[in-house]
Amino acid sequence: MSVILETQSLRREFGALVAVDDVSVKIEEGSLHSIIGPNGAGKTTFFNLVSGTLKPTAGRVFYKGEDITDLPVHRTIHEGIGRSFQITNIFPNLTVFENIRLASQALGSDSYRLFRSHLKFTEHLERTNEVLEEVGLTSRAPTLARTLPHGDQRKLELGMILAPDPDVLMLDEPTAGMAAEQVPELMALVQSIQEAGNKTVVLVEHNMNVVMSVSDRITVMHQGALLAEGTPAEISADETVQTAYLGALYNEEPGRDGGKT
Amino acid sequence: MTAPTMTDRTGLTGWLQRRRGVLITAALLVAFPFIISIVVDGQGLAAVWSNEQGNARFLQGLAIEVFILALYALSYDLILGVTGLLSFGHAMFFAVGAYVVLIAALLQAFLFAIVLPRVKGITFALVTLGFASVFWIVIQSSDLQEWAGAEIGLQGVEAPVWFLDTTNHRFAFYLVSLAILLGVFVLYQRIIDAPAGKVFASIRENEDRSLMLGYNTFWFKLMVLVVASITAALAGAMHTMHQPIVTPNVASLAFTVTALLIILIGGVGTLTGALVGAAVYRLLQFYLDRWYGAASELLIGLAYVLLVLYLPYGIVGTWRARSLRIKEGRDRLLQMVTGASKETSSPEE
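As you go down the protein sequences, you meet chains A and B in turn. Heads up: the first sequence at position 135 corresponds to 142 in this note's numbering, and the numbers run straight through without jumps. Heads up: the second sequence at position 138 corresponds to 462 in this note's numbering, and the numbers run straight through without jumps.
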């Protein structure tokens, strides 16, 4: 398999704090690659650097062999990288349908049309219905996004990055704040999307059971730096990871996946 | 309700059906001077066209003021209500139209468009305020007295063509301004229904997300500002034709607040609200002043407080919310009556 996304010595400083410290990661095409690490390990900053929301202090990002480090944030999706957020980030006062339709309309030049009804651009309507079906929100299409329950908002967010059919999906804690019984459903959805479309998924996730069961490869970050990388079996056997991270996490936050809804 | 699909109402009948609100309003307003002429003045139909004195002529003048204000407020609603950009400099756009008419207005639209889409939120508000304040000071300066008339403003501007001559061809001017207003209104409705208009709404809702979806929001904000400033300048130019004197007040912050007030009364982001709001604002202002004189400002203030208290989303906004709730209630009732036997059917239909 070939490498689709690669970072070379990616570094980001906020004043004296080094949030991401020379991180070099290779993500293989078609894999589900998880990035784990305790709070403050720099996972979300790493995501922001790759998706263009933040510019790195040093280092480069390559996508399909091309340097995308200096691409403005609105171009990333045009290249084929879709990104979701840890905190739900949707258009609250628009309908579920419109949220996804906007995502599907974003590619191409239709968006600049000023005088023709959006309902005449049927390909976007069809695509929206497809995506709604895929994430299971068809029956909620006419409701306002802000009135959806939290779990459905997470699905909506997934639908919004799915709509333009990207090659790489970067999911920042897609199950954050979800009730424990909803987590397997969403992860099954993510897996089916990945397998059906042969997509690459980069996942930040706190729930260890989830990470260990779905990932092809795992990268562990700790205090901004790369700690370890390998298959789930290798990671769970890795002693550095166990002492520095896994042990600490399990001791500090018992029942994280069950206690927090 | 189902997901939106394409309507099958196409062709001329479809268009007539979709635009029936605008068409009925247009018909009523065209008939309005004739009705006043006959019923109130006791004159014939011809009196309207031959520009005779009386209530019909006077009320046309007042209506033209409402149309101009509505056009101006409409353009502000596109910026604030639809796209969510709080501008404190909108009066400047109107004033540029009022003072130097359209060509300069086009120029200004592009000039400010270079800067304005780059700033967001409160910075945007302050930058627009800054521009407008400078402009306000400039047009009042004695150095420009020859062109802008300093504090007094412009007097006795001549109409370039007969149908823009409000003194001698009032009814023609009335029709022209009505046509411009309704034309722009229909155009704006098309804009907010078009793909670009949908992006404007996404900028209002969550600009960062809009960027992440792949929209270069700079160009969309630029489009909004250019369209709205040209509209406001058009309103300003009509104002100059209609009023015997253009004072620097049309460039003041207070006049931007007038636009804000009008769309708050009518309903922010509804477009229709700008038209309704302009009528309520101007008529309230005019008649309260006529009946109560100096006390009218207090009464107007009171009226606004009541409006905000009881119609928090403006007249049109609150009306839409209410009718939606009434519809939902009726659907529920119908379901209770008829649907008792069909309990399996989805409640969302």
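Where a beta carbon is used, it is the ideal one built from N, C-alpha and C, also for glycine.
If you draw a 10 Å sphere on the C-beta of B:Gly638, you find 16 or more other C-beta atoms in it, and that means buried. In the structure shown, A:Glu140 falls within a helical segment according to DSSP collapsed to helix, strand and coil. Under the three-state reduction of DSSP, B:His493 is assigned to coil, being neither helix nor strand. Residues of the stretch 64-82 of chain A with a Cβ closer than 8 Å to any Cβ of chain B, in chain order: Pro79, Val80, His81 and Arg82. Around the beta carbon of B:Ile516, 16 or more other beta carbons sit within 10 angstroms, so the residue counts as buried. Partner residues in the beta bridge of A:Val10, as assigned by DSSP, are A:Glu35.
Between the alpha carbons of B:Pro441 and B:Arg381 lies a distance of about 43 Å. If you draw a straight line from the Cα of A:Leu234 to the Cα of A:Val208, it is about 21 Å long. Among the CB atoms of chain A, one or more fall inside 9 Å of the CB of B:Trp543. At least 9 Å separates the CB of A:Pro181 from every CB of chain B. Listed in chain order, the positions of the stretch 102-130 of chain A with a beta carbon within less than 8 Å of a beta carbon of chain B are Phe104, Glu105, Arg108, Leu109, Ala110, Gln112, Ala113, Leu114, Asp117, Ser118, Tyr119, Arg120, Leu121, Phe122, Arg123, Ser124, His125, Leu126, Lys127, Phe128 and Thr129.
Straight-line spacing of the CA atoms in B:Gly617 and B:Arg606 works out to 15 Å.
A contact between stretches requires three or more CB pairs, one per stretch, nearer than 8 Å, and the stretch 86-96 of chain A meets this requirement with the stretch 170-190 of chain A. Residue pairing for A:Glu73: DSSP places it in a beta bridge opposite A:Tyr70. The alpha helix (DSSP H) runs lying completely inside the stretch 568-594 of chain B and spanning 4 residues or more are 577-590, given in chain order.
Cβ contact annotation for B:Val458 (same chain, cutoff 8 Å, sequence separation greater than five): none. With respect to the 9 Å criterion, A:Leu114 and B:Ala518 are not classified as neighbours on the basis of their beta carbons. The residues Thr95, Ile97 and Ala152, in chain order, have a CB closer than 8 Å to that of A:Gln160 in the same chain once the five nearest residues on each side in sequence are set aside. DSSP links B:Ile388 through a beta bridge to no other residue. With contact defined as three or more Cβ pairs closer than 8 Å, the stretch 537-548 of chain B and the stretch 122-140 of chain A are not in contact. Here the alpha carbons of B:Ile650 and B:Leu633 stand approximately 21 Å from one another. Runs of the beta strand (DSSP E) spanning 3 or more residues and lying entirely within the stretch 191-255 of chain A occur at 207-211, 224-229 and 232-237, in chain order. DSSP places B:Gly338 in the uninterrupted alpha helix (DSSP H) bounded by Gly335 to Arg342. CA-to-CA, the gap between A:Glu192 and A:Ser199 works out to about 11 Å.
Residue range Thr541 to His566 is occupied by the alpha helix (DSSP H) that includes B:Gly560. It is roughly 8 Å from the alpha-carbon of A:Leu17 to the alpha-carbon of A:Phe53.
Of B:Met562, B:Gly385, B:Gln567 and B:Ala552, the smallest CA-CA separation from B:Phe509 is found for B:Ala552. Within the DSSP secondary-structure output, B:Asp401 pairs in no beta bridge. Counting C-beta pairs closer than 8 Å gives three or more between the stretch 382-393 of chain B and the stretch 497-514 of chain B, which meets the contact rule. Counting other Cβ atoms within 10 Å of its Cβ, A:Gln112 reaches 16 or more and is therefore classed as buried. Between A:Leu178 and the set A:Glu188, A:Pro45 and A:Lys162, the nearest pair of CA atoms involves A:Lys162. Assignment of A:Glu180 by DSSP, reduced to helix, strand and coil, places it in the coil class. Proximity of chain B to A:Phe98 at the Cβ level (cut-off 7 Å) is accounted for by Ser526, Glu529, Asn530 and Arg533, in chain order. Measuring C-alpha to C-alpha distances from B:Phe412 to each of B:Gly507, B:Leu577, B:Trp615 and B:Gly597 identifies B:Leu577 as the nearest. For B:Arg614, the uninterrupted alpha helix (DSSP H) segment begins and ends at Thr596 to Tyr616.
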